[in-house]
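All remarks here apply to the structure that follows.
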Amino acid sequence: MAESEYISIRGGRLIDPANGIDAFLDLHIAQGEVVAVGPAPAGFSPDRVLEADGQVVCPGIIDLCARVREPGLEHKATIASETMAAASAGITTLCCPPDTDPVIDTPAVAQLIYQTAQRRGAARVLPAGALTQGLAGKQITEMAALKRAGCPVMSHADRPIANTQVQRRAMEYAASFDLTVFLHPEDAWLREGGCVHEGQVGTRLGLPGIPQAAETVAVARDLALAEQTGARIHFRGLSTARATEMLAEARQRQIAASADVSAHQLILTEADVDGFDANCRVIPPLRTLADRDALRRAVADGTISAICSDHQPHDADAKLAPFPAAAPGMSALETLLPLVLGLVAEGIMDLPTAIARLTWGPAEILGLPLGRLDQGRSADICIFDPQAVWTLTEADLVSRGRNTPFIGRSFQGRVTWTLFQGRVVFRRNREEA
Amino acid sequence: MSAFVNQLDTQGNLKHFLTIEGLSRDLLIDILDRSEAFLGVARQAVKKVPLCKGKVVANLFFENSTRTRTTFELAAKRLSADVLNLNISTSATAKGETLLDTLRNLEAMHVDMFVVRHADSGAAHFIARHADPHVSIINAGDGRHAHPTQGMLDMFTIRQKKPDFAGLTVAIVGDLLHSRVARSQIQALNTLGTGEVRVIAPRTLIPAQAESLGVRVFHSLPDGVRDADVIILLRLQRERMSGALLPSEHEYFRLFGLTEKRLRGAKPDAIVMHPGPINRGVEMDSEVADGPRSVILEQVSNGIAVRMAIMSLCIGTQNLHQSTNNQDQAHG
Chain Y
512 MAESEYISIR GGRLIDPANG IDAFLDLHIA QGEVVAVGPA PAGFSPDRVL
562 EADGQVVCPG IIDLCARVRE PGLEHKATIA SETMAAASAG ITTLCCPPDT
612 DPVIDTPAVA QLIYQTAQRR GAARVLPAGA LTQGLAGKQI TEMAALKRAG
662 CPVMSHADRP IANTQVQRRA MEYAASFDLT VFLHPEDAWL REGGCVHEGQ
712 VGTRLGLPGI PQAAETVAVA RDLALAEQTG ARIHFRGLST ARATEMLAEA
762 RQRQIAASAD VSAHQLILTE ADVDGFDANC RVIPPLRTLA DRDALRRAVA
812 DGTISAICSD HQPHDADAKL APFPAAAPGM SALETLLPLV LGLVAEGIMD
862 LPTAIARLTW GPAEILGLPL GRLDQGRSAD ICIFDPQAVW TLTEADLVSR
912 GRNTPFIGRS FQGRVTWTLF QGRVVFRRNR EEA
Chain H
21 MSAFVNQLDT QGNLKHFLTI EGLSRDLLID ILDRSEAFLG VARQAVKKVP
71 LCKGKVVANL FFENSTRTRT TFELAAKRLS ADVLNLNIST SATAKGETLL
121 DTLRNLEAMH VDMFVVRHAD SGAAHFIARH ADPHVSIINA GDGRHAHPTQ
171 GMLDMFTIRQ KKPDFAGLTV AIVGDLLHSR VARSQIQALN TLGTGEVRVI
221 APRTLIPAQA ESLGVRVFHS LPDGVRDADV IILLRLQRER MSGALLPSEH
271 EYFRLFGLTE KRLRGAKPDA IVMHPGPINR GVEMDSEVAD GPRSVILEQV
321 SNGIAVRMAI MSLCIGTQNL HQSTNNQDQA HG
């Protein structure tokens with residue numbers, strides 16, 4: 512890809528929710544940064560002009576949860592493969608959970624991930640530091656050192672900390688260094704052995720269920736601990752209607768809690784598990800239509816301020832097993848924006864709100880100066896054609912993970928250019944678009 | 021979505037037998053009628069018919085079960101098929117061979133039908149999705165999901181005694197949560213238009229939203245068996261006593277065990293069924309198990325005829341396709 516240069520993006524509809532911008536404005540970039548929005552500064556002469564007529568220009572997408580599988584699981588995917596997939600999907604920043612092998616519980620692992628991504632240069636990969644050593648839920652990590660090594664937040668991946676005292680201490684210790692704690696709200700015992708939502712479909716198919724209470728018990732516990740400790744917490748991947756209500760209520764009482772949702776939870780329901788589709792085996796499980804609709808409302812009204820992919824690329828063998836034995840998770844980077852644009856088309860929220868949940872919302876949760884296009888910010892930009900109609904095929908996927916239930920689905924809206932730190936890192940050929 | 025496996029071919033003939041769900045009433049009745057005809061085979065001097073001659077049936081049991089495997093084996097042999105018995109629970113999978121590796125190896129031996137038992141719900145569907153299109157899969161029990169041949173043999177046994185399903189009240193007692201047998205029975209009973217299907221158990225053994233299966237839920241045995249025509253007891257696995265589902269066998273028997281006294285609440289001609297093997301003194305006392313209302317041993321002998329009917333239907337569908345292919349080749 513080209514070195515950073517002087518670029519003008521002309522004629523597009525610029526949507527920058529953090530600055531309240533939704534207008535036909537040009538954007539000018541120099542040496543990796545945004546230098547002007549609107550007319551070019553005096554004397555600015557671009558090396559390159561991107562003609563964005565009919566396109567939407569917005570901040571690069573920030574994905575709060577995407578597994579790149581490196582280090583340790585390179586047979587599934589690598590930082591190189593997944594940052595390329597991210598670039599093709601308009602995603603410029605990925606936050607990866609600490610369940611790599613080895614776990615991100617030492618500065619060395621964090622730096623390895625950060626630097627490997629930097630060397631590849633297609634997207635920024637931010638390692639989330641582990642809250643406890645080895646993610647064993649017993650001994651807290653050297654969080655201050657992890658923060659210095661580039662971990663913007665602490666997390667426990669998708670493994671709940673069963674011991675409430677350890678959870679409390681981990682939250683308090685993280686708060687000492689102003690670190691937000693990402694939590695996977697699932698009660699360790701109530702979820703044990705389960706692989707689908709405990710409800711009608713699971714009952715009919717005889718698949719062990721995970722009750723709604725697995726989530727609400729954990730949310731209640733962690734909100735109480737946040738209130739007790741004053742720690743800032745973020746619920747990663749809500750799945751139930753009731754949890755969104757609990758969160759909204761807690762926020763009214765000024766508890767420092769935020770939440771995101773995985774895009775597939777806004778689209779699919781327990782009914783999609785029917786026929787034992789292993790690609791619909793996800794954690795937390797797909798829940799009811801009422802849950803899905805409540806999650807949609809919570810995203811629209813801002814109770815849930817970020818939508819992420821929860822990208823989990825797998826090798827083919829990981830899914831070639833009966834449903835309960837198949838590895839959970841889907842390959843989701845490349846469907847993140849298209850699924851969210853589908854919600855806009857359905858009238859669930861307007862386009863600026865949708866873009867806010869993919870950019871500024873997650874940036875605020877991370878506490879980083881990203882996801883907005885004011886002057887002097889890193890020129891991380893996603894440009895997409897909102898009219899492009901296309902059908903997802905396996906051959907389209909850039910990610911190594913082919914495990915998505917959305918193969919064969921038609922979408923409207925597709926990324927045409929992605930810029931990362933002022934460089935074009937992805938350009939879709941016209942014939943493809 | 022592509023994950024669905026159709027048990028029927030495009031003409032509606034039975035190709036696999038994975039679950040009762042989705043099958044028509046006419047097809048279930050056809051299976052019952054054919055089973056009736058096969059019942060006579062056991063009484064012949066030569067207990068064989070040549071319907072599956074030259075076919076190879078592999079019993080693929082990833083979970084141990086002597087009884088079910090034996091009835092499948094006998095059914096296949098009476099249809100004149102060659103039978104392979106494979107207990108895989110301890111051999112291949114322990115060596116790291118995947119389910120698909122095992123399947124591919126057996127396919128290479130030109131097996132025509134797999135009878136599969138596996139501990140994971142959906143395993144039979146999974147195998148059917150990945151098997152060679154010429155092979156039929158019979159589900160002999162997958163996790164908690166389905167045990168459709170057991171469900172059909174129970175329907176057959178009920179019909180022998182009480183031909184009109186519409187007028188029947190059937191009560192199923194026991195561990196619904198973990199029971200693949202109960203799920204198949206409930207689907208079959210509802211497809212056949214049974215008057216009322218009840219389930220009876222403490223809440224810990226009833227799955228979430230059980231009513232959506234088409235049953236009335238009871239937590240009291242006397243209430244649930246009142247005026248019932250058929251009482252089906254489910255086997256209670258010993259391991260349910262750990263894990264806070266039940267306090268003890270003693271309390272289970274006291275509340276949910278079937279005794280002669282409790283049976284008096286049911287219709288005077290009510291029959292008692294159990295898929296076996298029975299835990300005497302847990303699900304029922306011996307007086308009931310060996311008493312005049314019990315049809316438990318008839319269930320076992322009916323099992324062979326019903327499995328013959330289902331296997332021969334699936335092999336018949338295969339033959340149909342094979343002869344069409346041959347004709348196409350002859351004309352083409």
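For the record, the sequence lines run as chains Y and H.
The first sequence maps to residues 512 to 944 in my numbering.
The second sequence maps to residues 21 to 352 in my numbering.
Idealized CB from N, CA, C, for every residue including glycine.
Can you give me the C-alpha to C-alpha distance between residue i and residue j, rounded to a whole angstrom?
{"i": "H/Ile335", "j": "H/Gly277", "result": "41 angstroms"}
{"i": "Y/Ala513", "j": "Y/Val730", "result": "Below a pLDDT of 50, predicted positions are generally treated as unreliable, and Y/Ala513, at 49, falls in that range; the measurement from the model is reported next regardless. Taking the straight line joining both Cα atoms gives about 46 angstroms."}
{"i": "Y/Gly924", "j": "Y/Ala600", "result": "11 angstroms"}
{"i": "Y/Arg559", "j": "Y/Arg792", "result": "45 angstroms"}
{"i": "Y/Arg659", "j": "Y/Pro618", "result": "8 angstroms"}
{"i": "H/Met21", "j": "Y/Arg764", "result": "Its pLDDT being 36, under 50, H/Met21 is placed unreliably by the model, and nothing is read from it."}
{"i": "Y/Thr691", "j": "Y/Ala634", "result": "22 angstroms"}
{"i": "Y/Thr915", "j": "Y/Leu844", "result": "10 angstroms"}
{"i": "Y/Val728", "j": "Y/His667", "result": "17 angstroms"}
{"i": "Y/Ala944", "j": "H/Ile147", "result": "Interpretation of Y/Ala944 is limited by its pLDDT of 45, a score under 50 that renders its predicted location unreliable; the figure taken from the coordinates is listed afterwards. Straight-line Cα distance between these residues: approximately 38 angstroms."}
{"i": "Y/Pro835", "j": "H/Ala144", "result": "13 angstroms"}
{"i": "H/Leu333", "j": "H/Ile49", "result": "13 angstroms"}
{"i": "Y/Ala725", "j": "H/Leu119", "result": "31 angstroms"}
{"i": "Y/Asp783", "j": "Y/Leu646", "result": "31 angstroms"}
{"i": "Y/Val926", "j": "Y/Phe535", "result": "18 angstroms"}
{"i": "H/Val326", "j": "H/Gln180", "result": "13 angstroms"}
{"i": "Y/Ile526", "j": "Y/Ala628", "result": "27 angstroms"}
{"i": "H/Asn15", "j": "H/Gly142", "result": "Given a span of 21 to 352 for chain H in the structure shown, any question on residue 15 of chain H remains unanswerable."}
{"i": "H/Val61", "j": "Y/Leu716", "result": "35 angstroms"}
{"i": "H/Lys73", "j": "H/Thr344", "result": "19 angstroms"}
{"i": "Y/Val855", "j": "Y/Asp861", "result": "6 angstroms"}
Would you kindly check if the distance between the Cβ of residue j and the Cβ of residue i is under 9 angstroms?
{"i": "H/Glu288", "j": "H/Ile252", "result": "Note that residue 288 of chain H corresponds to Pro in the displayed sequence, not to Glu. Result no, Cβ atoms of H/Pro288 and H/Ile252 do not sit closer than 9 angstroms."}
{"i": "Y/Phe555", "j": "Y/Ala563", "result": "no"}
{"i": "Y/Ile876", "j": "Y/Ser816", "result": "yes"}
{"i": "Y/Val810", "j": "Y/Arg868", "result": "yes"}
{"i": "Y/Pro796", "j": "Y/Ser750", "result": "yes"}
{"i": "H/Ala96", "j": "H/Val69", "result": "no"}
{"i": "H/Arg255", "j": "H/Pro297", "result": "yes"}
{"i": "H/Phe238", "j": "H/Gly215", "result": "no"}
{"i": "Y/Ala655", "j": "Y/Phe688", "result": "yes"}
{"i": "H/Val190", "j": "H/Ala248", "result": "yes"}
{"i": "H/Ile108", "j": "H/Phe92", "result": "no"}
{"i": "Y/His708", "j": "Y/Glu593", "result": "no"}
{"i": "Y/Asp537", "j": "Y/Pro550", "result": "yes"}
{"i": "Y/Ile518", "j": "Y/Val568", "result": "no"}
{"i": "Y/Asp733", "j": "Y/Gln776", "result": "no"}
Using 8 angstroms for Cβ pairs, my map puts residue i next to residue j. What's the rounded Cβ distance?
{"i": "H/Met172", "j": "H/Met331", "result": "No, H/Met172 and H/Met331 are not in contact; Cβ-Cβ is about 12 angstroms, not under 8 angstroms."}
{"i": "Y/Pro663", "j": "Y/Thr870", "result": "Contact doesn't hold; Cβ gap of about 16 angstroms is too wide."}
{"i": "Y/Leu884", "j": "Y/Val545", "result": "5 angstroms"}
{"i": "H/Ala166", "j": "H/Leu38", "result": "7 angstroms"}
{"i": "Y/Ala737", "j": "Y/Ile766", "result": "5 angstroms"}
{"i": "Y/Arg920", "j": "Y/Trp928", "result": "So it is not a contact: roughly 23 angstroms between Cβ atoms."}
Please indicate yes or no: does the CB of residue i lie closer than 8 angstroms to some heavy atom of the ligand PLP?
{"i": "Y/Arg521", "result": "Within the structure as shown, the ligand PLP is missing, as the structure has no ligands at all."}
Does any residue of chain B bring its CB to less than 9 angstroms from the CB of residue i?
{"i": "H/Leu48", "result": "No chain B is present in this structure, whose protein chains are Y and H."}
Q. Fully enclosed by the segment 254–296 of chain H, which beta strand (DSSP E) runs are 3 residues long or longer?
A. The segment 254–296 of chain H contains, as complete beta strand (DSSP E) runs of 3+ residues, the segments 291–293 (chain order).
Q) What are the residues of the segment 138–171 of chain H that lie near chain Y, defined by any Cβ-Cβ distance shorter than 8 angstroms? A) Legend: CB atoms of the segment 138–171 of chain H lying less than 8 angstroms from CB atoms of chain Y belong to residues His138, Asp140, Ser141, Gly142, Ala143, His145, Phe146, His150, Asp162, Gly163, Arg164, His165, Ala166.
Q) Mind listing which residues of the segment 825–854 of chain Y have their C-beta closer than 8 angstroms to chain H's C-betas, in chain order? A) Against chain H - using a Cβ distance shorter than 8 angstroms - the residues of the segment 825–854 of chain Y are Asp828, Leu831, Ala832, Pro833, Phe834, Pro835, Ala836.
Q. What runs of the alpha helix (DSSP H), each 4 residues or longer, lie entirely inside the segment 140–173 of chain H?
A. Listed in chain order, they are 143–150.
**Q.** Continuous alpha helix (DSSP H) assignments of at least 4 residues falling wholly in the segment 715–779 of chain Y
**A.** With a minimum length of 4 residues, the continuous alpha helix (DSSP H) runs that stay inside the segment 715–779 of chain Y are 723–740, 752–763.
Q) According to a CB-to-CB cut-off of less than 7 angstroms, which residues of the segment 913–928 of chain Y neighbour chain H? A) Residues of the segment 913–928 of chain Y with a C-beta atom less than 7 angstroms from some C-beta of chain H are Pro916, listed in chain order.
Q) Quick one, which residues of the segment 710–722 of chain Y are near chain H if we go by CB-CB under 8 angstroms, in chain order? A) Listed by position, the residues of the segment 710–722 of chain Y near chain H (Cβ gap below 8 angstroms) are Gly710, Gln711, Gly713, Thr714, Arg715, Leu716, Gly717, Leu718, Pro719, Gly720, Pro722.
Q. Going along the segment 226–249 of chain H in order, which residues come within less than 7 angstroms of chain Y, judged by CB to CB distance?
A. With the criterion set as a beta carbon lying under 7 angstroms from some beta carbon of chain Y, the members of the segment 226–249 of chain H are Pro227, Ala228, Gln229, Ala230, Ser232, Leu233, in sequence order.
Q: Please name the residues in the segment 208–221 of chain H whose beta-carbon is closer than 7 angstroms to at least one beta-carbon of chain Y, in chain order.
A: Residues of the segment 208–221 of chain H whose Cβ lies closer than 7 angstroms to any Cβ of chain Y: none.
Q. Could you give the uninterrupted runs of the alpha helix (DSSP H) lying entirely in the segment 609–653 of chain Y, keeping only those of 4 residues or more?
A. Counting only runs of 4 or more, we get 618–631.
Q) Can you give, in chain order, each stretch of the beta strand (DSSP E) that sits fully within the segment 778–851 of chain Y and has at least 3 residues? A) Counting only runs of 3 or more residues that sit fully inside the segment 778–851 of chain Y, the beta strand (DSSP E) segments are 817–819, in chain order.
Q) Which residues, in order along the segment 185–204 of chain H, keep a beta-carbon less than 8 angstroms from a beta-carbon of chain Y? A) Going along the segment 185–204 of chain H in chain order, one finds Arg200, Arg203 with a Cβ nearer than 8 angstroms to chain Y.
Q) Whole beta strand (DSSP E) runs in the segment 526–596 of chain Y with 3 or more residues, listed along the chain? A) Within the segment 526–596 of chain Y, the complete beta strand (DSSP E) segments at least 3 residues long are 532–535, 538–541, 544–548, 559–562, 567–570, 572–574, listed from N- to C-terminus.
Q. At what residue ranges does the segment 72–122 of chain H contain a whole run of the beta strand (DSSP E), taking only runs of 3 or more?
A. As far as the segment 72–122 of chain H is concerned, its whole beta strand (DSSP E) runs of at least 3 residues are 76–81, 102–107.
Q.
Under 7 angstroms, CB to CB, which of the residues in the segment 785–819 of chain Y have a partner in chain H?
A. Flagged, chain order: Gly786, Phe787, Asp788.
(Q) So if I threshold CB-CB distances at 9 angstroms, which residues from the segment 113–134 of chain H count as touching chain Y? (A) Within the segment 113–134 of chain H, the residues whose Cβ lies closer than 9 angstroms to some Cβ of chain Y are Thr118, Leu119, Leu120, listed in chain order.
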